[in-house]
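Below: the structure, in structure tokens.
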Ligand SMILES: Nc1nc2c(ncn2[C@@H]2O[C@H](COP(=O)(O)OP(=O)(O)OP(=O)(O)O)[C@@H](O)[C@H]2O)c(=O)[nH]1
Ligand SMILES: [Mg+2]
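Residue numbers (the UniProt record's numbering), protein chains in the order written: chain Y, 1 to 161; chain F, 1 to 513.
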């Protein structure tokens, strides 16, 4: 079985740890325990009739101009950029931030995920979409388990490209 | 030889390219997790996928990784070095350092979210406050408008009752008219109170800041009460202490209102005995003085609970009292608001069946220049300047015209009445007047439009003083009338005396010039 290293990055508190917990353990907690450094979880997924062992790096969230250490990306096959739909500052500068991560990691593509869908109305979500000049891959809720599986499936697919 | 203590803070392991442990080189940190010929990925999952990608013969550092051993989590920094056939993995235990980072980080993020929550709550609060303010404002505006609409006809009624009184009447009718006057005046007090209260609430109340004599206010009170107070069971006293400054800056009308409200309240609740009004100095500095106005009575007093609520809106002491109370119980809340607006303070002391004392403390600036006296000399006029003057009056309100007519007739003026602006314009084309009185809201041609044509009059009327009669009497309104050319404004409703004084004032000036 092949193993693939993937990273979840984005602003602090957007729900990276929560998405991973939901995906790996099917759990959710309202508490916010900020991640320090890196925590690696694994889960085996099937993708195009192939089994992949995903090595999921839950990276500490960044703030403002903070950068994810370049060393973390060594050997990574894909990355998911998570933002919080309910917090404008986590998506205002998306284009720039994605570019920085592409430069650091050498990855060509990333899965773009807007989390905490449960906190917004459909109309508000449309408004957020209009503010973002990029294609959002998935709109998720770790809390209500919406599109979490799909987000990771997409991430797994990307590791094969 | 490495000291045994440091040994526990690191471990150095050598593995092959696929992560199998080949040798424990040095150190003892979580040593039992590293077994020769087993995969290092079990305890170091972060090395899977990473080792393969390591560049050859380049030291590589990865900070902030996590190792779990015996259910304990350790934060570690990793130094890697890939040689031709093995990888050196040096693991530093940094748990102690990261513990602090963790705390700092957590606090930072918690603070952030807390701040966000507060911001949002504040936004919500602000929104709610705006809604409440708006509601309150429209309420005040509505009340002010209502009172306005009520005050005008009410004044007409009162003025007519005054006129009727002067006719030859039967005993019966005299009594009827008396009751009519009392009720009318009571109603006027209520309406005036509501208007005042809503003005204060809407922040529309403007206090004058002119040189005033507190002594004069007391004299005026004494005179007025002497004339109107007929209840022999209650004696009224008025006292001013000698050290009161002659002139201070303030609003005498409002101070008068505060004092009469308090005195009336005391009279109302004193079946027998006295009501005493005293003014004294609390503290005096070079140009500042704090004055105490004390109104005490020997009335029936109040309980503590009643006293604590006395300044609230719509409170009237609910003890049974066979006498009809004047007003809607708004008087004291107006007192409170007026005094507060004057930066002062009002309090009450009371004992049931012994009496009540109201204490009003107000700070004033002292008028050291005595500008008041100079001003008064100019304004106090002797003589009748109205007599024989040609006065043009334009007003579409029949009742107003009647009242003005009554006054002008008594003052022996030579007057002409018109019913709108167009008629007034025609009259002015024909002859010259000494004074023109214009209602503002008239059909066909309003007073405002009319005065704009004043400059174009080719006869002497272009120099005649024009006076606006209007119920729009906020400060802004009055200023705007002056700015479009009116020489004076008579606010409606007016008393005959106010009307006469104003006319005398204007006519005396035009005589001089
Ligand atoms: N309502 C809602 N809350 C969520 C969701 N996902 C995460 N949260 C909450 O958001 C907070 C932060 O979640 P984490 O998963 O710790 O966020 P993170 O991105 O890992 O944060 P860092 O580790 O500091 O970078 C927690 O209180 C979660 O309960 C979601 O989908 N809906
Ligand atoms: Mg996290």
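Glycine residues also receive a C-beta, built at the ideal position from the N, C-alpha and C atoms.
Among the options, which has the Cα closest to the Cα of residue i?
i, options, result
"residue 65 of chain F", "F:198, F:142, F:74", "F:74"
"residue 491 of chain F", "F:37, F:35, F:155", "F:155"
"residue 23 of chain Y", "Y:8, Y:34, Y:29, Y:43", "Y:43"
"residue 67 of chain Y", "Y:149, Y:12, Y:140, Y:123", "Y:12"
"residue 418 of chain F", "F:443, F:189, F:183", "F:443"
"residue 39 of chain Y", "Y:47, Y:74, Y:20, Y:95", "Y:20"
"residue 18 of chain F", "F:38, F:253, F:362", "F:38"
"residue 394 of chain F", "F:407, F:138, F:280, F:466", "F:466"
"residue 110 of chain Y", "Y:90, Y:89, Y:81, Y:100", "Y:81"
"residue 208 of chain F", "F:190, F:256, F:169, F:184", "F:256"
"residue 153 of chain F", "F:188, F:136, F:120", "F:188"
"residue 73 of chain Y", "Y:46, Y:85, Y:108, Y:121", "Y:108"
"residue 469 of chain F", "F:452, F:494, F:350", "F:494"
"residue 198 of chain F", "F:130, F:183, F:145, F:149", "F:145"
"residue 412 of chain F", "F:389, F:397, F:431, F:402", "F:389"
"residue 302 of chain F", "F:263, F:130, F:350", "F:350"
"residue 231 of chain F", "F:268, F:14, F:214", "F:268"
"residue 138 of chain Y", "Y:117, Y:124, Y:130", "Y:117"
"residue 34 of chain Y", "F:193, F:79, F:122, F:112", "F:112"
"residue 369 of chain F", "F:408, F:286, F:400", "F:286"
"residue 240 of chain F", "F:222, F:416, F:56, F:391", "F:222"
Whole-angstrom Cβ separation of residue i and residue j, contact assumed at under 8 Å?
i, j, result
"residue 36 of chain Y", "residue 98 of chain F", "6 Å"
"residue 76 of chain Y", "residue 8 of chain Y", "Their Cβ separation, rounded to whole angstroms, is 11 Å, which puts residue 76 of chain Y and residue 8 of chain Y out of contact at 8 Å."
"residue 55 of chain Y", "residue 48 of chain F", "5 Å"
"residue 365 of chain F", "residue 238 of chain F", "No, residue 365 of chain F and residue 238 of chain F are not in contact; Cβ-Cβ is about 24 Å, not under 8 Å."
So with Cβ pairs under 8 Å, would you call residue i a contact of chain F?
i, result
"residue 4 of chain Y", "yes"
"residue 12 of chain Y", "yes"
"residue 91 of chain Y", "no"
"residue 36 of chain Y", "yes"
"residue 72 of chain Y", "yes"
"residue 39 of chain Y", "yes"
"residue 55 of chain Y", "yes"
"residue 159 of chain Y", "no"
"residue 106 of chain Y", "no"
"residue 32 of chain Y", "yes"
"residue 15 of chain Y", "no"
"residue 62 of chain Y", "no"
"residue 140 of chain Y", "no"
Identify, in the order they occur along the chain, each residue of the same chain with its Cβ nearer than 8 Å to the Cβ of residue i, setting aside the five sequence neighbours on each side.
i, result
"residue 9 of chain F", "27, 29, 92, 93"
"residue 462 of chain F", "454, 455, 456"
"residue 177 of chain F", "161, 164, 165, 169"
"residue 154 of chain Y", "111, 137, 138"
For residue i, decide whether its Cβ has a neighbour in chain Y, counting only Cβ atoms nearer than 8 Å.
i, result
"residue 20 of chain F", "no"
"residue 101 of chain F", "yes"
"residue 63 of chain F", "yes"
"residue 17 of chain F", "no"
"residue 50 of chain F", "yes"
"residue 59 of chain F", "no"
"residue 472 of chain F", "no"
"residue 53 of chain F", "yes"
"residue 113 of chain F", "yes"
"residue 46 of chain F", "yes"
"residue 128 of chain F", "no"
"residue 445 of chain F", "no"
"residue 66 of chain F", "yes"
"residue 318 of chain F", "Bear in mind that a pLDDT of 45 at residue 318 of chain F, under 50, signals an unreliable position, so the number given afterwards is only what the model happens to contain. So, not an interface residue."
Using a Cβ-Cβ cutoff of less than 6 Å, which residues in the same chain neighbour residue i once the five nearest sequence positions on both sides are dropped?
i, result
"residue 33 of chain F", "43, 69"
"residue 159 of chain Y", "4, 77, 78"
"residue 297 of chain F", "266, 270, 275, 355, 356"
"residue 372 of chain F", "Reliability fails at residue 372 of chain F, whose pLDDT of 47 lies under 50, so the model's placement of it is uncertain and no value is given."
"residue 70 of chain Y", "104"
"residue 46 of chain F", "65"
"residue 85 of chain F", "none"
"residue 294 of chain F", "278, 359"
Closer than 7 Å by C-beta to residue i: which residues in its own chain qualify, once you throw out the five before and the five after it? Chain order, please.
i, result
"residue 235 of chain F", "274"
"residue 385 of chain F", "504, 507, 508, 511"
"residue 252 of chain F", "212, 217"
"residue 132 of chain Y", "91, 94"
"residue 421 of chain F", "394, 442, 444, 445, 446, 447, 449, 450"
"residue 345 of chain F", "339, 361"
"residue 406 of chain F", "163"
Residues whose Cβ lies closer than 7 Å to any heavy atom of ligand 2, in chain order: Y:16, Y:17, Y:34, Y:35, Y:58, Y:60, Y:61
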